[in-house]
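Visitor: Using my numbering, you'd call the opening residue of the sequence shown number 133 and step up by one each time. Note that the Cβ used here is the ideal one computed from N, Cα and C, for glycine as well. All values reported here derive from a predicted model rather than from experimental measurement. Take a look at the following structure, please.
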Amino acid sequence: MSYLDSLNLLQPLMVSALKIDYNPLVYNAKDISTDIENKIDSKWSELTNKNDKILFNDLKFRLYASKINDNKQLELKLGLTDYKHFIGTQQSLPDITCQLQSLGKQVYSDDRAYLSYPLGVGLLLITSDNKIVLLKRSLSCAESPEIFDRPGGHPEPK
133 MSYLDSLNLL
143 QPLMVSALKI
153 DYNPLVYNAK
163 DISTDIENKI
173 DSKWSELTNK
183 NDKILFNDLK
193 FRLYASKIND
203 NKQLELKLGL
213 TDYKHFIGTQ
223 QSLPDITCQL
233 QSLGKQVYSD
243 DRAYLSYPLG
253 VGLLLITSDN
263 KIVLLKRSLS
273 CAESPEIFDR
283 PGGHPEPK
């Protein structure tokens, strides 16, 4: 049984059914090499200098892991990341993504160790006439432009 099955999402998730384990020292992505960091910086500069993209870097929560704990709570293990590293390690440089996954598996037995993995939130809104609400993403979005998606985003730890 997956954690989604055990949550019974036909009713609201109560705050008491959620536990957050926030520890940036343990759950942040591992530090990447200067060479890869420079490639990410270069790609970020390229993307932010395009007139058709609206981009800004800000902190995001990093989802390290999730599980149902012994108290039947959804437990999220969270660190910190930022939007630039999400775009750089997972969205716009596939060779870097593969390289970091391979290195993470080799060094930490974890192919996600060097990747950003920001926590995402999404809403599936079902109307009273049994329709769902979707948004069309703007062409100016850096990730997945012009697709239909549910309302959502990445929470910011402010």
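Report yes if the CB atom of I219 is closer than 9 Å to the CB atom of I164, and no otherwise.
Guide: It is not a contact, given that the beta carbons lie outside the stated cut-off.
Visitor: First and last residue of the alpha helix (DSSP H) that includes L232?
Guide: Segment P226 to Y240, the alpha helix (DSSP H) holding L232.
Visitor: Would you decide whether T213 is buried or exposed? Buried here means 16 or more other CB atoms lie within 10 Å of its CB.
Guide: The residue is buried, with at least 16 neighbouring Cβ atoms inside 10 Å.
Visitor: Mind checking who K268 pairs with in its DSSP beta bridge?
Guide: Beta-bridge pairing links K268 to F280.
Visitor: Output the distance between the C-alpha atoms of I264 and K185, rounded to the nearest integer angstrom.
Guide: If you take the alpha carbons of I264 and K185, they lie about 28 Å apart.
Visitor: Which of the three DSSP states is assigned to D163 in this structure?
Guide: Correct three-state label for D163: coil.
Visitor: Can you list, in chain order, the residues of its chain with a C-beta nearer than 8 Å to that of R282? Leave out the 5 residues immediately preceding and following it.
Guide: Answer for R282: G254, L255, L256, L257, I264, V265, L266 and L267, listed in chain order.
Visitor: DSSP three-state call for G220: helix, strand or coil?
Guide: Looking at G220 - three-state DSSP - the assignment turns out to be helix.
Visitor: What residue range is occupied by the uninterrupted beta strand (DSSP E) comprising L206?
Guide: Where L206 is concerned, the enclosing beta strand (DSSP E) stretches over L206 to D214.
Visitor: Less than 8 Å separating the Cβ of D242 from some heavy atom of the ligand MG?
Guide: As for the ligand MG, it is missing from this structure, which has no ligand bound.
Visitor: Could you check the C-alpha separation between S174 and S276 for me, to the nearest Å?
Guide: Roughly 20 Å between the two C-alpha positions.
Visitor: Taking contact to mean at least 3 C-beta pairs separated by less than 8 Å, is the region 203-212 in contact with the region 220-235?
Guide: The region 203-212, when compared against the region 220-235, does not touch it at the 8 Å Cβ threshold.
Visitor: Which residue from S270, G211, S177 and A161 puts its Cα closest to that of Y154?
Guide: Looking at the Cα atoms, G211 is the closest of the given residues.
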